[in-house]
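Residue numbers (this note's numbering), protein chains in the order written: chain A, 1 to 343; chain B, 344 to 686.
Protein chains: 2
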Amino acid sequence: MQKHFADRLMDAVKKKGNPICVGLDPRLDKIPEFICNEAFKKFPKDPMKAAATAILEFNKGIIDAVADIVPVVKPQIAFYECFGAPGVQAYIETLDYAHEKDLITIADAKRNDIGSTAEAYAEAFLGETSVSGGGNVAGKSGVSGGADVAGEVSGGATMACVRAFDADSITVNGYLGSDGIKPFMKIAKGEGKGLFVLVKTSNPSSGELQDLFVLDKNCKGENAKTLYEIMGYYVDSWGACDLGESGYSFVGAVVGATYPEQAKKLREIMPNTIFLVPGYGAQGGGAADVKPCFNKDGLGAVVNSSRGIIFAYEKNEKFGPEGYAEAAREATIMMKEDLKAVV
Amino acid sequence: MQKHFADRLMDAVKKKGNPICVGLDPRLDKIPEFICNEAFKKFPKDPMKAAATAILEFNKGIIDAVADIVPVVKPQIAFYECFGAPGVQAYIETLDYAHEKDLITIADAKRNDIGSTAEAYAEAFLGETSVSGGGNVAGKSGVSGGADVAGEVSGGATMACVRAFDADSITVNGYLGSDGIKPFMKIAKGEGKGLFVLVKTSNPSSGELQDLFVLDKNCKGENAKTLYEIMGYYVDSWGACDLGESGYSFVGAVVGATYPEQAKKLREIMPNTIFLVPGYGAQGGGAADVKPCFNKDGLGAVVNSSRGIIFAYEKNEKFGPEGYAEAAREATIMMKEDLKAVV
Numbered sequence: 001m002q003k004h005f006a007d008r009l010m011d012a013v014k015k016k017g018n019p020i021c022v023g024l025d026p027r028l029d030k031i032p033e034f035i036c037n038e039a040f041k042k043f044p045k046d047p048m049k050a051a052a053t054a055i056l057e058f059n060k061g062i063i064d065a066v067a068d069i070v071p072v073v074k075p076q077i078a079f080y081e082c083f084g085a086p087g088v089q090a091y092i093e094t095l096d097y098a099h100e101k102d103l104i105t106i107a108d109a110k111r112n113d114i115g116s117t118a119e120a121y122a123e124a125f126l127g128e129t130s131v132s133g134g135g136n137v138a139g140k141s142g143v144s145g146g147a148d149v150a151g152e153v154s155g156g157a158t159m160a161c162v163r164a165f166d167a168d169s170i171t172v173n174g175y176l177g178s179d180g181i182k183p184f185m186k187i188a189k190g191e192g193k194g195l196f197v198l199v200k201t202s203n204p205s206s207g208e209l210q211d212l213f214v215l216d217k218n219c220k221g222e223n224a225k226t227l228y229e230i231m232g233y234y235v236d237s238w239g240a241c242d243l244g245e246s247g248y249s250f251v252g253a254v255v256g257a258t259y260p261e262q263a264k265k266l267r268e269i270m271p272n273t274i275f276l277v278p279g280y281g282a283q284g285g286g287a288a289d290v291k292p293c294f295n296k297d298g299l300g301a302v303v304n305s306s307r308g309i310i311f312a313y314e315k316n317e318k319f320g321p322e323g324y325a326e327a328a329r330e331a332t333i334m335m336k337e338d339l340k341a342v343v
Numbered sequence: 344m345q346k347h348f349a350d351r352l353m354d355a356v357k358k359k360g361n362p363i364c365v366g367l368d369p370r371l372d373k374i375p376e377f378i379c380n381e382a383f384k385k386f387p388k389d390p391m392k393a394a395a396t397a398i399l400e401f402n403k404g405i406i407d408a409v410a411d412i413v414p415v416v417k418p419q420i421a422f423y424e425c426f427g428a429p430g431v432q433a434y435i436e437t438l439d440y441a442h443e444k445d446l447i448t449i450a451d452a453k454r455n456d457i458g459s460t461a462e463a464y465a466e467a468f469l470g471e472t473s474v475s476g477g478g479n480v481a482g483k484s485g486v487s488g489g490a491d492v493a494g495e496v497s498g499g500a501t502m503a504c505v506r507a508f509d510a511d512s513i514t515v516n517g518y519l520g521s522d523g524i525k526p527f528m529k530i531a532k533g534e535g536k537g538l539f540v541l542v543k544t545s546n547p548s549s550g551e552l553q554d555l556f557v558l559d560k561n562c563k564g565e566n567a568k569t570l571y572e573i574m575g576y577y578v579d580s581w582g583a584c585d586l587g588e589s590g591y592s593f594v595g596a597v598v599g600a601t602y603p604e605q606a607k608k609l610r611e612i613m614p615n616t617i618f619l620v621p622g623y624g625a626q627g628g629g630a631a632d633v634k635p636c637f638n639k640d641g642l643g644a645v646v647n648s649s650r651g652i653i654f655a656y657e658k659n660e661k662f663g664p665e666g667y668a669e670a671a672r673e674a675t676i677m678m679k680e681d682l683k684a685v686v
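See the structure below:
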């Protein structure tokens, strides 16, 4: 088994000297023309396959350009799913390529469901799914993650275990309560992997539900907490069962850079939780806004930038589309400098 | 454009004379051995492809057996994603096969994200994604759903629009507020499709957050509503903009059969909302439990059963594994009879 997820992540942050996560959100219309043309020449009659090929090629360029600088990448699966099965294959290969380059991966998938379905998602993204050629074998679960059954012959057909996505961690939505989180925790813990639960999201309307005040048990409204704080208390308690040597948990929290006041409260509620912080850059968050997400030791958070890095070439005339990877590298170095002022 | 989603769904319910949704959650270990063996013989060295082939074959048998009885099917994507790109392809082909058989489809994917990413999900599941071979063409969005660009030549390469999943509707999680819902609404409305927002889920821990009481504006706790009720008010308001001739909205709600008291309150809050009701059968909900989900006209809800129908052969010795489809048909007819007592 791998080391504890939080230790792996914090080690990588210390080694690289920064907490940057590069968001791989490859919007096709922003991918340089020369990459798209090449892919469409290769698959002129299969636009899904061509699009997926362009995305993967683009991602590889970005990963090559930033792998020696940053500790983490976070591909957002929506931009791959829109190209069907080839898009999903490009997602899988992006994760694999990032691993080859020693990057930690966060599958930004925001999955959620009731227990048995959450288990299937957890196996898909963090673990393995056992595949039995026999089917319907008493006592064997087709969705059990049992590594020990690989190669076993049963019911006349070979059983195998397959890994669909093989990410180091996944983002999840906790609206369904602990039933929907614990299956992810179980698989993550056994694999040295992690999860990040949505607590306070970076979008403008996140307060509609997350900022609502929740009644205390005496129905007096004194010391009332907001829903995002309650979610924070849950995340803290879920993660407390297994802290790494770094003092951090494998159950992280998503806390948007666009809400620094709320982040400050959440940092107090969840001292041992690693924050995944979206909203820096294109969404408006700056270095000062992310500061409250960190602990006093300068650790405990990773800050994501997607568009601001991967499409930096659009905003800088020095680089043409051909220089998109160098532009991404320069933007990453600038972000590193920017964050030095606060962590 | 297709007719309004709610009208299509209610017409189908009336035509078939029942509100049953068959959940296509094909857990591989429960798929009959003869189907798995066949698939593994075909793809002996590719367990993902073999598993995906078995799933699709199994689903086609179920769909053939129930298509003349029920109005709706709901494949749960977790059980397909765990087999990677081939699994996702099996999901897409399951949706297509259901359409061929005139069934309405609900993609049970519980997707959610901030605005621009939610738009990509909405295009993937309900709409179309434009694919430009030229890439980076000023003024063209690669994720825009513009049907009018199909075939247009731009930047030296053909532009096309692709449909990844082509479901009639999708389940979504509203924790991020209206930013994360409106992109789904926009695409759904333009396509005659729909969405179902998680309001009160069927799982045991759903109350941890959903049942919390939320303070009123005067902080007195009088007339306090629960979080699931607040979510219900949001869903009602989101859907009010576009009711069909049936009087129902294209923005539906997921309300678990396992919480009939809560369903009763939600029926009052959301009179024009179609409820998607999981939790009947294997999860413990019975006919009496789903009754509060319906309006007085006997409409306004579809009731899902997954395991209880698709794996009925396991519980009935009359059918062997070879008779799984007939067993599913009999279980569906029994469910129809069971529901007649209440709607």
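The C-beta atom is built at its ideal place from N, Cα and C for all residues, glycine as well.
- When C-beta distances to chain A are compared with 8 Å, the residues of the segment 542–560 of chain B below that value are Thr544, Ser545, Asn546, Pro547, Ser548, Ser549, Gly550, Glu551, Leu552, Gln553, Leu555, Phe556, Val557 and Leu558, in chain order.
- With its beta carbon less than 8 Å from one in chain A, Asp372 (chain B) belongs to the interface.
- Counting the other CB atoms within 10 Å of its CB gives Gln2 (chain A) a total below 16, which places it among the exposed residues.
- Within the segment 324–336 of chain A, not one residue has a Cβ closer than 7 Å to any Cβ of chain B.
- Below 8 Å, too few C-beta pairs join the segment 314–323 of chain A and the segment 37–56 of chain A to call them touching: fewer than three.
- Residues of the segment 414–443 of chain B with a Cβ closer than 8 Å to any Cβ of chain A, in chain order: Gln419, Ala421, Phe422, Glu424, Cys425, Phe426, Gly427, Ala428, Pro429, Gly430, Val431, Gln432 and Ile435.
- Put simply, the backbone Cα of Ser580 (chain B) is about 10 Å away from that of Asn615 (chain B).
- Under the rule that a run must span 3 or more residues, the beta strand (DSSP E) segments found entirely inside the segment 219–278 of chain A read 251–255 and 275–277.
- Taking 8 Å as the CB threshold, Val277 (chain A) stays off the interface with chain B.
- Val13 (chain A) places its beta carbon 8 Å or farther from that of Ile62 (chain A).
- Taking C-alpha positions only, Gly595 (chain B) is separated from Thr171 (chain A) by approximately 25 Å.
- Relative to Phe311 (chain A), the option among A:Thr332, A:Lys336, A:Cys161 and A:Val88 whose CA is nearest is A:Thr332.
- Ranking A:Lys186, A:Val199, A:Ala282 and A:Val290 by CA distance to the CA of Cys241 (chain A) puts A:Lys186 first.
- For Gly190 (chain A), the uninterrupted alpha helix (DSSP H) run begins and ends at Lys182 to Glu191, by DSSP.
- Under the Cβ criterion of 8 Å, Asp289 (chain A) is not counted among the residues facing chain B.
- At a cut-off of 4 residues, the continuous stretches assigned as alpha helix (DSSP H) that sit fully inside the segment 359–406 of chain B are 376–385.
- In the structure shown, Met344 (chain B) adopts coil according to DSSP, grouped into three states.
- Here Ala625 (chain B) carries a coil assignment [DSSP, helix/strand/coil].
- Using a C-beta cut-off of 8 Å, the segment 87–96 of chain A makes no contact with the segment 33–44 of chain A, since fewer than three inter-stretch Cβ pairs fall below that distance.
- Neighbours of Tyr280 (chain A) in chain B, taken as residues whose beta carbon is under 7 Å from its own, are absent, since the nearest beta carbon is some 14 Å off.
- Beta-bridge partners of Ser130 (chain A) (DSSP): A:Cys161.
- Excluding five sequence positions before and after Asn516 (chain B), the CB atoms of its chain that fall closer than 6 Å to its own CB belong to Lys453, Asn455 and Leu541, given in chain order.
- Judged by beta-carbon spacing, Leu619 (chain B) lies beyond the 8 Å limit of Ile420 (chain B), meaning their Cβ atoms are not closer than that value.
- Distances from the alpha-carbon of Ala6 (chain A) to those of A:Phe196, A:Gly286, A:Lys265 and A:Tyr233 put A:Phe196 closest.
- Leu195 (chain A) sits in a strand when the DSSP states are folded into three classes.
- Partner residues in the beta bridge of Thr514 (chain B), as assigned by DSSP, are B:Phe539.
- Within chain A, the residues placing a beta-carbon under 8 Å from that of Glu466 (chain B) are Cys82, ordered along the chain.
- Under DSSP, the beta-bridge partners assigned to Gln76 (chain A) are A:Asp108.
- It is roughly 21 Å from the alpha-carbon of Pro621 (chain B) to the alpha-carbon of Asp640 (chain B).
- It is roughly 45 Å from the alpha-carbon of Leu215 (chain A) to the alpha-carbon of Lys658 (chain B).
- If you draw a straight line from the Cα of Lys74 (chain A) to the Cα of Asp108 (chain A), it comes to about 6 Å.
- At a cut-off of 8 Å, the C-beta of Lys110 (chain A) has a neighbouring C-beta in chain B.
- In the DSSP secondary-structure assignment, Asn647 (chain B) is bridged to B:Cys364.
- At least 8 Å separates the CB of Ser246 (chain A) from every CB of chain B.
- Looking at the backbone, the Cα of Lys182 (chain A) and that of Gly190 (chain A) are separated by about 12 Å.
- Residue-level contact by beta carbon holds for Asn173 (chain A) and chain B, with a gap shorter than 8 Å.
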